[in-house]
Amino acid sequence: MVETMRRGRRRAAGRKAAGRAAAAVSYAAMGWPVCAGAYPPPARTHRGAGAVRGCSCDRIGCPAPGAHPISAAWQVEATTDPAVADAMWAARPDANVILATGRVFDVLDVPAPLGLTALNLMAGADIEPGPVALSAGDRALFFVLTRGAPADEQEWWSCHLDCEPGSATEHSRLPGLRWHCRASYVVAPPSRLPGAGEARWLREPGSHPLPDGVALLEVLADACEGARR
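Heads up: the sequence shown is residues 1 to 229, going by our numbering.
Given below as structure tokens:
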């Protein structure tokens, strides 16, 4: 019985890994830059340390377990070649899926409850939000057209996933809102985080074109401001 259960778990893990690989290849085929991400390792305790590691990077105190690229050279490795993406996941079948922002799209990232509130506001205002995902870390991700590299450097700010809320990369006037653009990334469905389940799409990217981010930003800012009040 125990061995049967183990085989069942291995088969389920294999199916999920295949799903992540297929998603990565699909994103690359859409022209979205993709690279391999860290992932939750199998539960284990290090002898003598008594500490369970929450991330495959094995870094004690990892600030973003399962939610960062495997390689420090991720900006170079991010690819839109489906064959390269397929080989990347063949070598690392457990890897989460990381999407590089600021090239094809930016991502407006808010706490999930505020994102759902904003979706309702957008529906009432006849605003099309484009692709929207719920991350496994309880964040809502709104995919928008990239602003690229504005001539005025004051027109953009970057936010990395390993920054804490309230840090210098989170806009001080809009608590909870992060804008992922140049030199940043997001964790894409169907990636999973330790103890948080899998990320999933609320609005699939193939069915919804990327909108202009400024219109969405106003609604998201209103939702964040309302939560603060």
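Even glycine gets a Cβ: it sits at the ideal position worked out from N, Cα and C.
Proximity test, residue i beta-carbon vs the ligand NAP heavy atom, cut-off 7 Å
i   : result
M88 : Absence of the ligand NAP from the depicted structure is noted, as is the absence of any ligand whatsoever, leaving it without description.
Contact check, residue i vs residue j, beta carbons under 8 Å
i    : j    : result
S135 : V219 : no
A21  : D109 : no
D212 : V144 : yes
P209 : E198 : no
W74  : C35  : yes
W201 : A133 : yes
P40  : G54  : yes
A196 : G115 : no
Opening and closing residue of the alpha helix (DSSP H) in which residue i lies
i    : result
P84  : A small fix is needed here, since residue 84 is Val in this sequence, not Pro. V84 -> alpha helix (DSSP H) spans 82 to 91.
L202 : Looking at the DSSP string, L202 is not in any alpha helix (DSSP H); the run it does join, the beta strand (DSSP E), is 200 to 203.
P111 : Not the alpha helix (DSSP H): P111 falls in the beta strand (DSSP E), residues 105 to 111.
Helix, strand or coil at residue i [DSSP, three-state]
i    : result
T146 : coil
D222 : helix
V214 : helix
V25  : helix
T79  : strand
A118 : helix
A17  : helix
A72  : coil
P209 : coil
A123 : helix
C62  : coil
G195 : coil
A133 : strand
Inter-residue spacing [alpha-carbon to alpha-carbon] between residue i and residue j
i    : j    : result
V107 : F142 : 5 Å
C62  : L193 : 13 Å
A78  : A112 : 27 Å
V84  : A183 : 21 Å
I127 : L216 : 8 Å
G124 : G206 : 23 Å
L177 : V214 : 13 Å
S26  : P82  : 7 Å
A91  : A17  : 12 Å
A28  : R147 : 20 Å
P42  : A24  : 22 Å
C181 : P93  : 27 Å
A72  : Y185 : 13 Å
Beta-carbon contacts of residue i that lie in its chain and below 8 Å, excluding the five residues immediately before and after
i    : result
G37  : G66, A67, H68, P69, I70, A95, N96, V97, I98, V187, S191
E204 : P131
G31  : T80, V104
Sequence-distant residues of its chain with Cβ nearer than 6 Å to residue i (five each side left out)
i    : result
L121 : V219
P33  : A78, T80, A100, R103
A118 : V219, L220, A223
C57  : A38
First through last residue of the beta strand (DSSP E) which encompasses residue i
i    : result
R178 : 178 to 180
C268 : No information on residue 268 is available, as it lies outside the stretch 1 to 229 that the chain covers here.
A188 : 185 to 188
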